[in-house]
Amino acid sequence: MAFLLKSAHVVDPAAGLDEVCDVLIEGDKIAAVAPSLEAGDATVLDMSGKYLVPGLVDMHVHLREPGYEHKEDIESGTRAAAKGGFTGVCSMPNTDPVADNGSVIEYVKARAAAVGHCRVFPSGACSRGLKGEALSEMGDMVAHGAVAFTDDGRGVQGAGMMRRCMDYGKMFGKVFMSHCQDEDLVGDGQINEGAVSTRLGLLGWPAQGEEIQIARDIELAKLTGAKLHIQHISTAYGLELVRRAKEEGVEVTCEATPHHMFLSEDDLDETYNTSLKVNPPLRTQADAEAIRQGVIDGTVDAIVTDHAPHAAWEKSREFELAPFGMIGLETSLALVLTNMVRTGKMGYDRLVEAMSIAPRRILGLDPVSIRPGSVADITVFDPELTWTVGEDGFESKAANSGFTGVELTGRATDVFVGGKQTLAGGAVC
Ligand code: DOR
Ligand code: ZN
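Going by full-length UniProt numbering, the first residue of the sequence shown is number 1, and it counts up by one from there.
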């Protein structure tokens, strides 16, 4: 199958491209990129007015399969990913059974190959059963295709345990992705600790509960030489710790979510909207501003969603009983376009770095670029398309978005994964 994508504005900092071009896809590869190409036998798609970038990758996604298919499964989660413009996702291991051995990794990959609408790069747990007590079967998981290690959903509580994970796991060359949460300090904290938690009568989840483990893991990365990636960073001081460590030359990267960039604790009110209950919690407006600044200046390497689908009945329980998390795959690109690019805070090139290039680099995946010979993983979006979150429902099984009803401008229209079209004119293929 061949496609000629005509007259899209191609942005790819890795290829030095920021101009209107034609892109020819033949089989699973990009065959040619030039100002004007002949179609030959290729299917011609007019992409004028649209942007074409190397396929987006979300390196923090909960697909929930196996075990929690009432929230999401690999088919529906990757369908949401395609709708949001993603060509690949890194799946989190907090499934049932936990992805802490090669057979669960193999299962995720096999399901993704059978029913997936994008590539799935599985991460594996650091510790058995996410309990933070014994090492997971790291070598077995890598042999079956795990791309990273994380106990996401929980922090590894013991510093000695985290050191052993890093010391042992670093021989596989994979990154340690750290969900930073000191459980003793955070306890049953529900939202950011401060005036809002007091006013709403909810237990506080203090910033230090996250920052202590960021500081600890940076020191452990120095001690062990392991590659460290801080997940869903939410506080200004946590980000400052990462900034300083990078300046010192520590091999550390970090990620931020659109909800920590564009929402804050001030969005929580007497309606107790459980879609806004996330882990780590929405912080202060100053924290959100610092995270946005970090995305602009590159201290935040990657934008991720932490797509965390939950069933309606789970999220409609009392605030304290509802699970943490919000969905994000279908809104991430549009939120970044609307709030960061359209406002002139950052360029399309920075978006491509944070949502396509950096995630692949951190996970050690093959780079994808808009040039001949590259694998044809491509995202096309319309920067002028205005839509309202949730008005047409979601491709995800879940609807726990914190942005429902918000009007956004910019949306993925077409996606290609290895030359196969997974999104066509905004519809999942
Ligand atoms: O909000 C969250 N939900 N944060 C996490 O770290 C885990 C996730 C989940 O699994 O629901
Ligand atoms: Zn997490």
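Every residue, glycine too, gets a C-beta built ideally from N, C-alpha and C.
Inter-residue spacing [alpha-carbon to alpha-carbon] between residue i and residue j
{"i": "A286", "j": "A236", "result": "7 Å"}
{"i": "D267", "j": "K6", "result": "42 Å"}
{"i": "P54", "j": "A32", "result": "14 Å"}
{"i": "L239", "j": "G294", "result": "8 Å"}
{"i": "A15", "j": "E353", "result": "12 Å"}
{"i": "A8", "j": "F381", "result": "9 Å"}
{"i": "G189", "j": "L282", "result": "12 Å"}
{"i": "H70", "j": "P309", "result": "9 Å"}
{"i": "A376", "j": "K315", "result": "38 Å"}
{"i": "C429", "j": "E210", "result": "40 Å"}
{"i": "K222", "j": "V175", "result": "14 Å"}
{"i": "L36", "j": "M346", "result": "Note that residue 36 is Ser in the sequence shown, not Leu. Their Cα atoms are separated by approximately 29 Å."}
{"i": "T338", "j": "F262", "result": "11 Å"}
{"i": "A42", "j": "P383", "result": "26 Å"}
{"i": "D100", "j": "G49", "result": "45 Å"}
{"i": "G67", "j": "P97", "result": "7 Å"}
{"i": "L329", "j": "E106", "result": "24 Å"}
{"i": "E247", "j": "L241", "result": "10 Å"}
{"i": "L203", "j": "E26", "result": "56 Å"}
{"i": "G173", "j": "A39", "result": "43 Å"}
{"i": "A399", "j": "V278", "result": "14 Å"}
{"i": "A245", "j": "I218", "result": "7 Å"}
{"i": "K420", "j": "G426", "result": "15 Å"}
{"i": "F403", "j": "S264", "result": "12 Å"}
{"i": "Q208", "j": "A148", "result": "26 Å"}
{"i": "V142", "j": "D269", "result": "44 Å"}
{"i": "R361", "j": "D140", "result": "22 Å"}
{"i": "V368", "j": "L351", "result": "15 Å"}
{"i": "T78", "j": "V115", "result": "9 Å"}
Unbroken alpha helix (DSSP H) run spanning residue i, endpoints
{"i": "residue 441", "result": "Since the first residue shown for the chain is 1 and the last is 429, residue 441 is missing from the structure and cannot be characterised."}
{"i": "S197", "result": "A195 to L200"}
{"i": "C165", "result": "A159 to G169"}
{"i": "A334", "result": "S332 to V336"}
{"i": "I30", "result": "No alpha helix (DSSP H) contains I30, which is instead part of the beta strand (DSSP E) from K29 to A34."}
Test item: CB-CB of residue i and residue j under 8 Å
{"i": "Q213", "j": "D184", "result": "no"}
{"i": "H62", "j": "M92", "result": "yes"}
{"i": "Y272", "j": "F324", "result": "no"}
{"i": "D167", "j": "T253", "result": "no"}
{"i": "L130", "j": "D151", "result": "yes"}
{"i": "A256", "j": "V196", "result": "no"}
{"i": "E137", "j": "G102", "result": "yes"}
{"i": "G194", "j": "T284", "result": "yes"}
{"i": "R163", "j": "L220", "result": "yes"}
{"i": "T379", "j": "A412", "result": "yes"}
{"i": "G410", "j": "V389", "result": "no"}
{"i": "V415", "j": "D58", "result": "no"}
{"i": "I291", "j": "H307", "result": "no"}
{"i": "D28", "j": "G418", "result": "yes"}
{"i": "Y348", "j": "V11", "result": "yes"}
Supposed contact pair residue j and residue i - C-beta distance, whole angstroms, cut 8 Å
{"i": "S76", "j": "S396", "result": "6 Å"}
{"i": "P258", "j": "S356", "result": "Contact doesn't hold; Cβ gap of about 16 Å is too wide."}
{"i": "A82", "j": "T386", "result": "At roughly 21 Å, the Cβ-Cβ gap does not stay under 8 Å, so A82 and T386 are not in contact."}
{"i": "C90", "j": "L363", "result": "6 Å"}
{"i": "D46", "j": "A34", "result": "Going by Cβ atoms, the distance from D46 to A34 rounds to 16 Å, so no, they are not a contact pair."}
{"i": "P122", "j": "A146", "result": "6 Å"}
{"i": "I370", "j": "L4", "result": "In fact, because the Cβ distance is near 14 Å, the residues do not count as touching under 8 Å."}
Residues sharing a beta bridge with residue i, DSSP
{"i": "D297", "result": "Beta-bridge pairing links D297 to no other residue."}
{"i": "Y51", "result": "H9 and F381"}
{"i": "K420", "result": "V417"}
{"i": "R119", "result": "G88"}
{"i": "N273", "result": "Bridge partners of N273: none, in fact."}
{"i": "F324", "result": "Paired residues: none, contrary to the question."}
{"i": "D58", "result": "V89"}
{"i": "N192", "result": "W205"}
Extent of the continuous beta strand (DSSP E) to which residue i belongs
{"i": "Y107", "result": "Taken as a continuous stretch (DSSP letters only), Y107 belongs to no beta strand (DSSP E), being part of the alpha helix (DSSP H) at G102 to V115."}
{"i": "L228", "result": "L228 to I230"}
{"i": "D22", "result": "L17 to E26"}
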